[in-house]
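The sequence shown begins at 1 in UniProt numbering and counts up one residue at a time.
We put the CB at the ideal spot given by N, CA and C, even for glycine.
Note that the structure is a prediction, hence the values are computed from the model and not measured.
What follows is a single structure, written as structure tokens, with notes after it.
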Amino acid sequence: MRDVVEIGLGKTAQRGYHLDDIAIVPSRRTRDVDDVSTGWQLDAYQFGIPCVGHPSDATMSPASAVRLGQLGGLGVLNVEGLWTRYENPSKVLEELGGLDEDARATKRLQEVYAEPIRPDLITERVRELRDGGGTVAVRVSPQHTLALAPVILDAGVDILVIQGTIVSAEHVSTTDEPLNLKEFIADLDLPVIVGGCTDYKTALHLMRTGAAGVIIGIGGDEWSTTESVLGIRVPMATAIADAAAARRDYLDETGGRYVHLIADGDIRTSGDIAKALGCGADAVMLGEPLSLCEEAPAGGSWWHSAASHPSLPRGAFETAGEPLGSMERLLFGPADEPDGQLNLFGGLRRAMAKCGYRDLKEFQKVGLVLDR
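As structure tokens, then:
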């Protein structure tokens, strides 16, 4: 039974929990860490780790997306980002990497993203991803999906990610023809990931569109200002668990169709990854943590895609800090600090071993405790 709190005589609110509010409970069995698998499969595509790169220009370039794929994850390039607006965005990214955290940074972001998207560069960037080997995935916003989809599909991607701050299966508009996700996905011969969403009903409706994966959360972290601007805050532990319940019901409804859940928000450490998967996620979307690796195109700076919105930016600009090391070290160690920011998936593997689970599907059954 969901805990409902009375806010006042005319309003109630459901209580939600963040990943920081919960902890994993080991079982009676432990397992050798070498006997644990962190493998993950989405449709026909197999990955060594349950990691999806957040499609921010601060973290994902064609080169860094390819590198993440080589290390076992899924890199996702934003086809509405700098790499499809500029022939060579390196100078722009270098400039952004040197900005301070103030109002000028947001204004400069808005200026550089005002450059129009070039369809020829979409084709070129997809070719670069393809030449790098591995799985090719790109992100497009719901409002630009119909316009850009022909170019994206002709370029030959493997996975399409339709991502906005909040995405629903029932968008209503009196001015524009809304994207009908169900019809759009039905016409495609490739897996589609959609999101973000934050609750049971929306997750269930997105699953019914035929999506292969649903993004849970809105990428919230200490640099997100979505709560300040829109009043929306997502307690990720509850959001993931609710979406997992929607997946269970959808599985029964369809007689066995499984939809993957990708957690996006409040994930900085290996412990956060373990708790997100323990709540029911199949994979995590990493943004700000990947901005701290040497391969990050913005040199350690970080910003959300919505931080450059021309009229309502939602996300502060994080100035560049010292890289923590290579992407390989960030994901697999070795770590020389005990804070969980390095060896992210080595930490996940050890958490699974401490709790006695062999693979990620089993680990979703791990016990949890609320201790805050």
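Outcome for residue i when other beta-carbon atoms lying within 10 angstroms are tallied against a minimum of 16
i, result
"LEU344", "buried"
"LEU261", "buried"
"THR174", "The pLDDT assigned to THR174 is 48, lower than 50, so where the model puts this residue is not dependable; a value taken from the coordinates is nonetheless given after this. The residue is exposed, with fewer than 16 neighbouring Cβ atoms inside 10 Å."
"VAL369", "exposed"
"GLY213", "buried"
"LYS275", "buried"
"SER311", "exposed"
"ILE152", "buried"
Residue from the options with nearest C-alpha to residue i
i, options, result
"TRP302", "VAL140, ASP221, VAL157 and SER27", "ASP221"
"ALA155", "ALA147, ARG125 and PRO142", "ARG125"
"ALA245", "ASP264, GLY219 and CYS279", "CYS279"
"GLY287", "ALA65, LEU109, PHE47 and ALA211", "ALA65"
"ALA353", "VAL194, PRO26 and VAL4", "PRO26"
"GLU294", "ASP43, GLU183 and LEU68", "LEU68"
"GLN143", "ALA137, GLY133, LEU129 and THR165", "THR165"
"PRO178", "ALA186, SER168 and ASP187", "SER168"
"VAL157", "LYS182, ASN180, ASP131 and ALA147", "ASP131"
"VAL229", "ASP339, ILE122, ILE117 and GLY315", "GLY315"
"ASP21", "VAL161, ILE49, TRP223 and ASP266", "ASP266"
"SER37", "ASP371, ARG372, GLY367 and ARG358", "ARG358"
"GLU95", "CYS51, LEU109 and ALA307", "LEU109"
"ALA243", "THR209, ALA203 and ARG257", "ALA203"
"GLY39", "SER326, ALA307, VAL284 and LEU342", "VAL284"
Presumed contact (8 angstroms Cβ cut-off) between residue i and residue j, rounded CB distance
i, j, result
"PRO89", "VAL76", "About 17 angstroms; that fails the 8 angstroms criterion."
"GLY81", "PHE47", "That pair is no contact at about 23 angstroms."
Coil, strand or helix - residue i by DSSP
i, result
"LYS11", "strand"
"HIS260", "strand"
"ARG208", "coil"
"LEU19", "helix"
"LEU188", "coil"
"ARG67", "helix"
"VAL25", "strand"
"ILE117", "coil"
"MET285", "strand"
"TRP40", "strand"
"THR174", "No answer about THR174 holds up, because its pLDDT of 48 lies below 50 and its placement is not dependable."
"VAL157", "coil"
"GLU222", "coil"
"VAL369", "strand"
"VAL33", "helix"
"GLU95", "helix"
"GLN110", "helix"
"GLU6", "strand"
"TRP302", "strand"
"VAL126", "helix"
Start and end residues, alpha helix (DSSP H) containing residue i
i, result
"PHE332", "327-332"
"VAL136", "Careful: VAL136 lies outside any alpha helix (DSSP H) and carries neither H nor E."
"ILE267", "Where ILE267 is concerned, there is no enclosing alpha helix (DSSP H), given that its DSSP letter is neither H nor E."
"LEU251", "236-254"
Residue i at chain B interface by Cβ criterion, 8 angstroms
i, result
"MET236", "Looking at the structure shown, chain B is missing, and only one protein chain is on hand."
First and last residue of the uninterrupted beta strand (DSSP E) at residue i
i, result
"TYR45", "45-47"
"ILE273", "Here ILE273 belongs to no beta strand (DSSP E); instead the alpha helix (DSSP H) covers 270-278."
"GLY53", "51-53"
"LEU77", "76-78"
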